[in-house]
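Chemist:
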Amino acid sequence: MHRLFVALRPPPSIRAQLLGLMGGVIGARWQDESQLHLTLRFVGEVDARTADDVAAALGSVRFDLPPLRLAGCGMFDTRGKPNALWAGVSPRDALSALHRKVDAACVRAGLEPERRAFVPHITLARLPGSAGPVHRFLADHSGLNSDAFTVTHMTLYESRLGHGGASYEAIERYRLDAG
Numbered sequence: 001m002h003r004l005f006v007a008l009r010p011p012p013s014i015r016a017q018l019l020g021l022m023g024g025v026i027g028a029r030w031q032d033e034s035q036l037h038l039t040l041r042f043v044g045e046v047d048a049r050t051a052d053d054v055a056a057a058l059g060s061v062r063f064d065l066p067p068l069r070l071a072g073c074g075m076f077d078t079r080g081k082p083n084a085l086w087a088g089v090s091p092r093d094a095l096s097a098l099h100r101k102v103d104a105a106c107v108r109a110g111l112e113p114e115r116r117a118f119v120p121h122i123t124l125a126r127l128p129g130s131a132g133p134v135h136r137f138l139a140d141h142s143g144l145n146s147d148a149f150t151v152t153h154m155t156l157y158e159s160r161l162g163h164g165g166a167s168y169e170a171i172e173r174y175r176l177d178a179g
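Dropping the structure here:
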C-alpha cells in the first residue's frame, strides 16, 4: 500500500521564513524543513495500481498558478482543542480552483471526491493534547505575509510514518501551466 498526497512545495526563502516562526508553544511538534508543503489533495492509502492511475490522471491537470503569498496564521482544532498551527497562503480562489482540478483528476482515477473543506495552508506544528496555549503564537503572527513567490510544479508524494514523524518522498512532479 502507498500513502499518497498531492502538494505544492514553497521555495527555500519561504521555507526559511516559516522555520523562523517556529517556537513559543510548549509541547508543539514543529515541522522540519523537509515537511513544509501546501497539500492540494490527500489521497490516502492506495494499492500500486491505483497509485499508478492517480499519477497518470494528475498528468492531465493544466493550471496557470499565479504568484502566491503567505497570509496570516491559524489553527485547526477538534471540538475546541487545537491540534495544528498553520500559515495561510493566498490567493485562496486560485488555490481552490487548482484543488478542484486535482480532486477531479483523483476522481477520474477511481477515488472518492474530497469531502473536507479546502483551506490553503502550510502546517507549521502538530499539537498533542499536552501542548501549551497557542493564543500568543496566533496573535504574534496574525499579520504574517511574505513577498510573492512562484511555484512551478505540483508533486505527488508518498508519506511514510515513523517514530520521528512523517517523511515524504516525491514520486512524480507535474509542471503547472496551461500549455
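Read in the UniProt record's numbering, the sequence shown has 135 at position 135, and its numbers run on one by one without any break.
C-beta: ideal position from N, C-alpha, C; glycine also.
#1: Mind checking who F76 pairs with in its DSSP beta bridge?
#2: Helix, strand or coil: which one does DSSP assign to L65?
#3: Could you name the residues of the same chain whose beta carbon sits closer than 7 Å to that of T152, not counting the 5 residues immediately before and after it, in chain order?
#4: Would you mind giving the Cβ-Cβ distance between P66 and P82, rounded to the nearest angstrom? I have them listed as a contact below 8 Å.
#5: In terms of residues, what are the limits of the alpha helix (DSSP H) holding R173?
#6: Roughly how many angstroms lie between the CA atoms of G88 and N145, to the nearest whole one?
#7: Since H141 contacts L18 with CB under 8 Å, what's their CB separation in whole angstroms?
#8: Figure out for me which residue from C73, V46, A84, I14 has the closest Cα to the Cα of R126.
#9: Please state if the CB of P10 and the CB of I122 are separated by a distance shorter than 8 Å.
#10: Using only the alpha-carbon positions, how far apart do E45 and G132 sit?
#11: Measuring CB to CB, does L36 end up less than 8 Å from V102?
#12: Do Y157 and S34 have their C-beta atoms within less than 8 Å of each other?
#13: In the DSSP output, which residue or residues are listed as bridge partners for E33?
#14: Are the Cβ atoms of D53 and A109 separated by less than 8 Å?
#15: Would you say the beta carbon of L176 is closer than 7 Å to some non-hydrogen atom of the ligand ADP?
#16: CB L161 to CB W30, shorter than 8 Å?
#17: How long is the line joining the alpha carbons of A148 and A94, rounded to whole angstroms?
#18: Go ahead and label A28 buried or exposed: buried means 16 or more other beta carbons lie within 10 angstroms of its beta carbon, across all protein chains shown.
Modeler: Walking through what the data contain:
#1: The sequence position of residue 76 within the sequence shown is 76, counting from 1. Secondary-structure assignment with DSSP links F76 through a beta bridge to A84.
#2: What you label residue 65 is simply residue 65 of the sequence shown in a count that begins at 1. L65: coil per DSSP, three-state reduction.
#3: The residue you call residue 152 lines up with position 152 of the sequence shown. Non-local C-beta neighbours of T152 in its own chain, meaning closer than 7 Å and more than five positions away in sequence, comprise R175, L176, ordered along the chain.
#4: In the sequence shown, residue 66 corresponds to position 66, counting from 1. In the sequence shown, residue 82 corresponds to position 82, counting from 1. In this structure, P66 and P82 do not form a Cβ contact; the two beta carbons are roughly 31 Å apart against a cut-off of 8 Å.
#5: Position 173 of the sequence shown, counting from 1, holds the residue named residue 173. It is not in any alpha helix (DSSP H) - R173 instead sits in the beta strand (DSSP E) that spans 165–175.
#6: Position 88 of the sequence shown, counted from the start, is the residue given in the question as residue 88. Position 145 of the sequence shown, counted from the start, is the residue given in the question as residue 145. Taking the straight line from one Cα to the other gives about 9 Å.
#7: Within the sequence shown, residue 141 is the residue found at index 141, counting from 1. Within the sequence shown, residue 18 is the residue found at index 18, counting from 1. With 8 Å as the limit, H141 and L18 do not qualify as a contact, their Cβ atoms being about 10 Å apart.
#8: Counted from its first residue, the sequence shown places residue 126 at position 126. Looking only at C73, V46, A84, I14, the smallest Cα-Cα distance to R126 is reached by A84.
#9: Numbered from its first residue, the sequence shown carries residue 122 at position 122. Numbered from its first residue, the sequence shown carries residue 10 at position 10. In contact: I122 and P10 (Cβ atoms closer than 8 Å).
#10: Position 45 of the sequence shown, counting from 1, holds the residue named residue 45. Position 132 of the sequence shown, counting from 1, holds the residue named residue 132. Approximately 32 Å between the Cα atoms of the pair.
#11: If you number the sequence shown from 1, residue 36 lands on position 36. If you number the sequence shown from 1, residue 102 lands on position 102. Their beta carbons are not under 8 Å apart, which means L36 does not touch V102 by this criterion.
#12: Here residue 157 refers to the residue found at position 157 when the sequence shown is read from its first residue. Here residue 34 refers to the residue found at position 34 when the sequence shown is read from its first residue. Not a contact, by the Cβ cut-off of 8 Å.
#13: Along the sequence shown, one-based indexing puts residue 33 at 33. Partner(s): none; E33 has no beta bridge.
#14: Here the question's residue 53 lines up with position 53 in the sequence shown. Here the question's residue 109 lines up with position 109 in the sequence shown. In contact: D53 and A109 (Cβ atoms closer than 8 Å).
#15: Absence of the ligand ADP is noted for the structure shown, with no ligands found whatsoever.
#16: Within the sequence shown, numbered from 1, the residue matching residue 161 stands at position 161. Within the sequence shown, numbered from 1, the residue matching residue 30 stands at position 30. At a Cβ-Cβ threshold of 8 Å, L161 and W30 do not count as neighbours.
#17: By 1-based counting over the sequence shown, the position of residue 148 is 148. By 1-based counting over the sequence shown, the position of residue 94 is 94. Distance between the alpha carbons of A148 and A94 is about 14 Å.
#18: Indexing the sequence shown from 1 puts residue 28 at position 28. Classification of A28: buried, given that the 10 Å Cβ count is 16 or more.
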